[in-house]
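Presented below is the structure to which this report refers.
Numbering (this note's numbering), first residue to last: -9 to 296.
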């Protein structure tokens, strides 16, 4: 073997060793930087708290003029410490990352309604703004702030409410009574629904709804008398309505005859009934109008999946 060949092999070996050395240095630096990030943000078994933070969640809203899909970050809350987080400089009382006890849950605290212009028109999308820790407690209404007409002259914050809490098995914490608030917008007044009361109920349950009537049943209106002088009884009746979903709230298809050449194609099928949350028990309230006509108003007393 010539000296030139030996020198070439020696140089090649040194080069390989140098490359291996560089790779080990880079790997160690990555491990150190990752460890620093973990020490700063990530959960550790020795810690007595868990993070609650907003994380990115991209969703498609519609199509723009050039045909591209318009996507926005709608956000969602997770019990995972983010790699990077920045607090809102305008509100130091709302840090981006909350420290929660291990058994607590992470839920949205506030959101905003974004108006996105697409080829299909203006789409209104709810975007999670901040998250907070929720400590285990019985089902109740908790405050949930929603920013309406964000970034416009009509911007206003509304406490729409949220139902949170624990219930017995097979029951969930759900709205029992809703109300409405009027908000001024660019096209006039807009009505938004807010939660007023919460309770434990099945997925299909009865919610409160009030109807007000003028009842003339207890009054005797004589012929020729002025009815405007008569004061009727004002009655507020909780007629209720059914809300929620049912486990089988979809149409199932059972194929009876398939195409021999293409078994994936169904030629004849049997469709099952679609279950809906429907009123099953009622109560009738009678009253009389100003002209003496007898009327009925029906109250829903219970709901079920039918």
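Glycine residues also receive a C-beta, built at the ideal position from the N, C-alpha and C atoms.
Around the beta-carbon of residue 206, 16 or more other beta-carbon atoms lie within 10 Å, marking it buried. The Cβ atoms of residue 152 and residue 185 sit closer than 9 angstroms to each other. DSSP, reduced to helix, strand and coil, places residue 154 within a strand of the structure shown. With a threshold of 16 other beta carbon atoms within 10 Å, residue 154 meets it and is buried.
In the DSSP assignment, residue 136 forms a beta bridge with 101 and 148. Judged by DSSP in its simplified three-state form, residue 251 adopts coil rather than helix or strand.
If you check the CB distance, residue 230 and residue 291 come in under 9 angstroms. Rounded to whole angstroms, the separation of the alpha carbons of residue 167 and residue 294 is 18 angstroms. At a Cβ-Cβ threshold of 9 angstroms, residue 180 and residue 138 count as neighbours. Rounded to the nearest angstrom, the gap between the Cα atoms of residue 277 and residue 190 is 33 angstroms.
Residue pairing for residue 118: DSSP places it in a beta bridge opposite 101.
Three or more pairs of CB atoms, one per stretch, sit closer than 8 angstroms, so the segment 89 to 107 contacts the segment 115 to 130. A straight line joining the alpha-carbon of residue 270 with that of residue 195 spans about 11 angstroms. For the pair residue 157 and residue 123, the CB atoms are not nearer than the 9 angstroms cut-off. For residue 169, the enclosing beta strand (DSSP E) stretches over residues 162 to 175. Counting the other Cβ atoms within 10 Å of the Cβ of residue 272 gives fewer than 16, which makes it exposed.
Just so you know, the alpha carbons of residue 281 and residue 159 end up roughly 51 angstroms apart. Rounded to whole angstroms, residue 89 and residue 246 show a C-alpha spacing of 56 angstroms. For residue 186, the three-state secondary structure derived from DSSP is strand. At least 9 angstroms separates the beta-carbon of residue 265 from that of residue 222. In this structure, the CA atom of residue 50 is about 35 angstroms from the CA atom of residue 296. Burial check for residue 131: the Cβ neighbour count within 10 Å reaches 16 or more, so the residue is buried. CA-CA distance, residue 283 to residue 225, rounds to 17 angstroms. Spatial neighbours of residue 201 in its own chain (CB-CB distance under 7 angstroms, excluding positions within 5 residues in sequence) are listed in chain order as 227, 229 and 287. When the Cα atoms are used, residue 163 and residue 188 turn out to be separated by approximately 7 angstroms. Listed in chain order, the non-local C-beta contacts of residue 289 below 8 angstroms within the same chain comprise 227, 228, 229, 230, 272, 273, 274 and 275, local neighbours out to five positions each way being set aside.
In the three-state reduction of the DSSP assignment, residue 73 falls in the coil class, being assigned neither a helical nor a strand state. Beta bridge pairing from DSSP links residue 236 with no other residue.
Between residue 44 and residue 197, the alpha-carbon positions lie close to 32 angstroms from each other. Per DSSP, the continuous beta strand (DSSP E) segment holding residue 51 begins and ends at 48 to 53.
When the Cα atoms are used, residue 248 and residue 260 turn out to be separated by approximately 12 angstroms.
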